[in-house]
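Enquirer: Dropping the structure in here first, questions after.
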Amino acid sequence: MIPDPSTPTDVIDTLLDWMDQGHGVALATVISTWGSSPCPAGSHLAIRDDGAIVGSVSAGCVEAAVIHEAMEVLNGGQPQVLEYGVTSEMAWQVGLACGGEIKVMVRRIIDDAALYREARRRGGQGNTSALITLIVDGSATLIGEGFKSGPLEISQDLSDAAFDALRENHNHVFEMDGAAYFIQAITPAYRLILVGAVHIAQALVPMARIAGFQVVVLDPRDTFATPERFPSVEIHTDWPDKVLKQLKPNERTAIVVLTHDPKIDDAVLQLALTSPAFYVGALGSIRTKEKRDLRLAELGLSADDLGRLHGPIGLDIGSASPAEIAVSILAEIIQEMRRD
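The following block contains the structure:
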């Protein structure tokens, strides 16, 4: 089975679409892992009543077995907790080739679909939520800052554990008073703001979306910034510095400047380098960067501000073509995103 590159957010979006179409849907979620496991806790696989699937819980190793159990759940069975690993008696059939172990919760999504819709709505507003699921029966409650929805009684200890999970972006099983709960942090997607609707951007957009980024393209040249060149992407053709102010970059934002035009670059970078964005990069050679740094310093940026700028942009992998440069840029963004 080919691993599905869908992110947890993609899986939930598809699951909700299927339910809107009248399908029954089961959701398999990795709730814990040991050793070298291909998918972290919180990874989802949605299974439709006709056998269609989206997502992954093991990059293909045990999906077939999970789908079989999910169909049983859809046919009236109780929620299940499945365990797979090389020490299992079924290891030769469905074990994890990587040598790790995973525990997967499988449940039918009915009433708690409303919780996922609410989490999606809150995420669109930049708010985080924690979904707390009682593992034994699959009942769930969504909580956030000043917010709670769902049937579970949430004690102070359980609430504290959920907010700790949000702060640390850590999905895990929490045990209390003989009951086990899976706590999943649901955070807004990382956002990638691309300034310059150039060939590199065309290659970078689909890769970034597969990696889970919400992508926005800014370019005042409406000949370049078109839906035909960037399908299903948010596009702005006003001056990028004006739009960037409106977008309000935060700690989950990466900004990549590809225009190679000081008239556009400098105003955008002045804003980007003084924003909370976790990554700011700009296209150009070492010599171009030196000239740009001088101009930005004249605009009042400090040495610390300029030190945040990644340039020449991207990891040094010897890239030459637009697609290869896009790979190097995305790799550098992810490297920065994963720094502790």
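Just so we're aligned: the sequence shown equals residues 201 to 540 in the working numbering. Quick reminder that beta carbons are idealized off the backbone N, C-alpha and C, glycines included. Values in this document were obtained by computation on a predicted structure and should not be read as measured data.
(1) Do you know whose CA, among Ala467, Ala265, Lys448, lies nearest Arg391's CA?
(2) Would Ser349 pass as a contact of Leu315 if the rule is Cβ separation under 9 Å?
(3) Is the CB-CB distance between Ala526 and Leu418 below 9 Å?
(4) In three-state DSSP terms, what is Asp428?
(5) Locate the beta strand (DSSP E) running through Arg391, then write down its first and last residues.
(6) Please work out which residues of its chain come closer than 7 Å, Cβ to Cβ, to Ala408, disregarding the five sequence neighbours upstream and downstream, and give them in chain order.
(7) What is the rounded straight-line gap between the Cα of Ile435 and the Cα of Glu428?
(8) Between which two residues does the beta strand (DSSP E) harbouring Lys448 extend?
(9) Measuring CB to CB, does Lys303 end up less than 9 Å from Leu334?
(10) Taking contact to mean 3 or more Cβ pairs, one atom from each stretch, closer than 8 Å, check whether the stretch 321-341 and the stretch 368-382 are in contact.
(11) My assumption, with CB atoms under 8 Å, is that Leu515 sits in contact with Glu532. Please give the rounded CB distance.
(12) Can you tell me whether Asp438 is buried or exposed, with buried defined as 16 or more other CB within 10 angstroms of its CB?
(13) When we look at the beta-carbon of Asn369 and count the other beta-carbons within 10 Å, is it buried (16 or more) or exposed?
(14) Quick one, are the C-beta atoms of Pro440 and Ala401 less than 9 Å apart?
(15) Taking the beta strand (DSSP E) that Gln384 falls in, what are its first and last residues?
(16) Identify every residue that forms a DSSP beta bridge with His268.
(17) Should Glu490 be labelled buried (16 or more other beta-carbon atoms within 10 Å of its own) or exposed?
(18) On the three-state DSSP scale, how would you describe Thr287?
(19) With burial defined as no fewer than 16 other Cβ atoms inside 10 Å of the residue's Cβ, what is the status of Ala520: buried or exposed?
(20) Give me the Cα-Cα distance between His268 and Trp218, rounded to the nearest whole angstrom.
(21) If you draw a straight line from the alpha carbon of Ile212 to that of Gly500, how long is it in whole angstroms?
(22) Starting from Glu353 and walking both ways along the alpha helix (DSSP H), at which residues does that stretch end?
(23) If contact is defined by three or more beta carbon pairs under 8 Å, each pair taking one atom from either stretch, is the stretch 477-497 in contact with the stretch 451-461?
(24) Between the alpha carbons of Phe363 and Asp337, how many angstroms are there, rounded?
(25) Name the two residues that bound the continuous beta strand (DSSP E) containing His436.
Expert: Checking against the coordinates, here is how it stands:
(1) With respect to the C-alpha of Arg391, the residue from Ala467, Ala265, Lys448 having the closest C-alpha is Lys448.
(2) The criterion of a C-beta distance shorter than 9 Å is satisfied by Ser349 and Leu315.
(3) Inclusion of Ala526 and Leu418 in the CB contact set at 9 Å is not warranted, their separation being larger than that value.
(4) First, the residue type needs correcting, since residue 428 is Glu and not Asp in the sequence shown. In this structure, DSSP gives Glu428 a state outside helix and strand, which the three-state scheme calls coil.
(5) It spans 391-395 - the beta strand (DSSP E) in which Arg391 sits, taken as one unbroken run.
(6) Residues of the same chain with a CB within less than 7 Å of the CB of Ala408, apart from the 5 flanking positions on each side, are Leu392, Val415, Leu530 in chain order.
(7) Between Ile435 and Glu428, the C-alpha separation is close to 11 Å.
(8) Counting along the chain, Lys448 falls outside any beta strand (DSSP E), and DSSP gives it neither H nor E.
(9) Going by C-beta atoms, Lys303 is not nearer than 9 Å to Leu334.
(10) The stretch 321-341 and the stretch 368-382 touch, with no fewer than 3 CB-CB distances between them shorter than 8 Å.
(11) At roughly 5 Å, the Cβ-Cβ gap stays under 8 Å, so Leu515 and Glu532 are in contact.
(12) When all chains shown are included, Asp438 counts as exposed.
(13) Under this definition Asn369 is an exposed residue.
(14) No; because the gap between Cβ atoms is not below 9 Å, this pair is not in contact.
(15) That run of the beta strand (DSSP E) goes 379-386.
(16) Residue pairing from DSSP leaves His268 without any beta-bridge partner.
(17) With fewer than 16 other Cβ atoms within 10 Å, it is exposed.
(18) For Thr287, the predicted model reports a pLDDT of 47, less than 50, meaning its position is unreliable; a value from the coordinates is still stated below. DSSP places Thr287 in the coil class of the three-state scheme, outside both helix and strand.
(19) So Ala520 counts as exposed.
(20) When only Cα atoms are considered, His268 and Trp218 end up about 19 Å apart.
(21) Rounded to the nearest angstrom, the two C-alpha atoms are 45 Å apart.
(22) From DSSP, Glu353 is part of no alpha helix (DSSP H); its letter is neither H nor E.
(23) Result yes; three or more Cβ-Cβ pairs closer than 8 Å.
(24) Rounded to whole angstroms, Phe363 to Asp337 spans 23 Å at the Cα level.
(25) 434-436 is the span of the beta strand (DSSP E), which, as asked, contains His436.
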